[in-house]
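J.:
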Amino acid sequence: MKQNIIEMKDIIKKFYIGTPNELTILKGMSLHVAEGEFVSIVGASGSGKSTLMNIIGALDHPTQGEYILGGENMNDMKGNTLSDTRNRKIGFVFQTFNLIPRTSALKNVELPMLYGGMSSRERTRRAKELLEMVGMGDRMKHLPSELSGGQKQRVAIARAMAMEPDIILADEPTGALDTETGRLVMDLFHKLNREKGKTIILITHNPELAAETSRVITISDGLIIGEKQNNEDEGGIRHESA
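Here the working numbering runs 793 ahead of the position in the sequence shown, where the first position is 1.
1) Identify every residue that forms a DSSP beta bridge with G884.
2) Excluding five sequence neighbours on each side, which residues of the same chain lie with their C-beta closer than 7 Å to the C-beta of V902?
3) Go through its chain and collect everything with a Cβ distance to Y809's Cβ below 8 Å, but skip five positions before and after it.
4) Since V1009 contacts E1001 with CB under 8 Å, what's their CB separation in whole angstroms?
5) To which residues of the same chain is T974 closer than 7 Å at the C-beta, ignoring the five residues directly before and after it?
6) Which word fits T997, buried or exposed, when buried means at least 16 other C-beta atoms lie within 10 angstroms of its C-beta?
7) With which residues is V835 paired in a DSSP beta bridge?
8) State yes or no: is the beta carbon of V1009 nearer than 9 Å to at least one beta carbon in chain D?
9) Buried or exposed: S913, going by 16 or more other Cβ atoms within 10 Å of its Cβ?
10) Excluding the 5 residues flanking T856 on each side, which residues of the same chain have their C-beta closer than 6 Å to its C-beta?
11) Mind checking whether G1015 and K820 have CB atoms under 9 Å apart?
12) Go through its chain and collect everything with a Cβ distance to Q888's Cβ below 7 Å, but skip five positions before and after it.
13) Consult DSSP for A951 and reduce its assignment to one of helix, strand or coil.
14) For M822, which of L995, G841, I994 has the nearest alpha-carbon?
15) If you count every other CB in all the chains shown that lies within 10 Å of the CB of T812, and 16 or more means buried, which is it?
16) By DSSP, does E988 sit in helix, in strand, or in coil?
17) With distances taken between CB atoms, is the gap from I849 to L962 smaller than 9 Å?
In structure tokens, the structure reads:
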């Protein structure tokens, strides 16, 4: 049986604490994700998806509750220790790509490895390998402004894989792409999940994309309101279990 790589218990997140504007966004959320799972978190705008993503990604701390990531308690982690853990364990893919504009695709992919202390030669070797993997080997010297939206997202996925993270956290990764290009990006996630065993968490408002994942967690108003398991048949099409 696979171990849980993420365990969250009774997560509460408040903003403007102690002021008349105090706001509770997450209201006691508990969830787990197993190693190698492909999970989607679905909810409308304002449901708490982004706040939850920031906590899963160790970009923010919960106000209350416990978060265990790969056996490590994230609640007490701060500063360089937190940054190092995040860099090693989580790869991020954003809707807006978040590439550095005046830096080539190759150097963008190398960046997490630079922070991770990897040698220049090893960074370049691995970045080239990753860009080849996502079909961007012939564009590695191009700047982001010279790439299409789909090409930028493929570079972003290569960058997310730079430190061989346990988890890929993808926030609306096809939101800025046309349908065909979005399909290519989703196929890449399936490949990383199947062939590399990566745990993938997809944050989306799109039920069609969520239906491709093995489990769908639905949130509303800061609470989990539904969860369903999807099965995959031999043809690779997912369908909801009874």
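Beta carbons are placed, not taken as given, at the ideal position from N, Cα and C, and that holds for glycine.
T.: In terms of the structure at hand:
1) Translated into the one-based positions of the sequence shown, residue 884 becomes position 91. Partner(s): I961.
2) The sequence position of residue 902 within the sequence shown is 109, counting from 1. Closer than 7 Å at the Cβ level, and outside the excluded window around V902, lie A920, L923, L924, V948, A951, R952, A955.
3) Here residue 809 refers to the residue found at position 16 when the sequence shown is read from its first residue. Result list for Y809: E815, L816, in chain order.
4) Taking the sequence shown and counting its residues from 1, one reaches residue 1009 at position 216. Taking the sequence shown and counting its residues from 1, one reaches residue 1001 at position 208. In fact, because the Cβ distance is near 11 Å, the residues do not count as touching under 8 Å.
5) Sequence index remark: in the sequence shown, residue 974 carries index 181 (1-based). Spatial neighbours of T974 in its own chain (CB-CB distance under 7 Å, excluding positions within 5 residues in sequence) are listed in chain order as G942, G943.
6) By one-based count along the sequence shown, residue 997 stands at place 204. By the 10 Å Cβ count, T997 comes out buried.
7) Taking the first residue of the sequence shown as position 1, residue 835 is located at position 42. DSSP lists T997, T1011 as partners of V835.
8) This model lacks chain D altogether, as it is built from one protein chain only.
9) Taking the first residue of the sequence shown as 1, we reach residue 913 at position 120. Label assigned to S913: exposed.
10) Counted from its first residue, the sequence shown places residue 856 at position 63. Closer than 6 Å at the Cβ level, and outside the excluded window around T856, lie I805, K806, K807.
11) Stepping through the sequence shown from its first residue, residue 1015 is reached at position 222. Stepping through the sequence shown from its first residue, residue 820 is reached at position 27. Yes, Cβ-Cβ distance for G1015 and K820 is below 9 Å.
12) On the sequence shown, residue 888 is found 95 positions in, with the first residue counted as 1. Counting only Cβ-Cβ distances below 7 Å, and skipping sequence neighbours, we find D964, E965, P966, G968, A969.
13) Here residue 951 is taken as the residue at index 158 of the sequence shown, counted from 1. Taken through DSSP and simplified to helix, strand or coil, A951 comes out as helix.
14) Walking along the sequence shown from the start, residue 822 turns up at place 29. M822 has its Cα closest to that of G841, out of L995, G841, I994.
15) Here residue 812 refers to the residue found at position 19 when the sequence shown is read from its first residue. It counts as exposed.
16) For the purposes of this step, residue 988 is taken as the residue at position 195 of the sequence shown. Residue state, collapsed to three classes: helix.
17) Counted from its first residue, the sequence shown places residue 849 at position 56. Counted from its first residue, the sequence shown places residue 962 at position 169. Inclusion of I849 and L962 in the CB contact set at 9 Å is warranted, their separation being smaller than that value.
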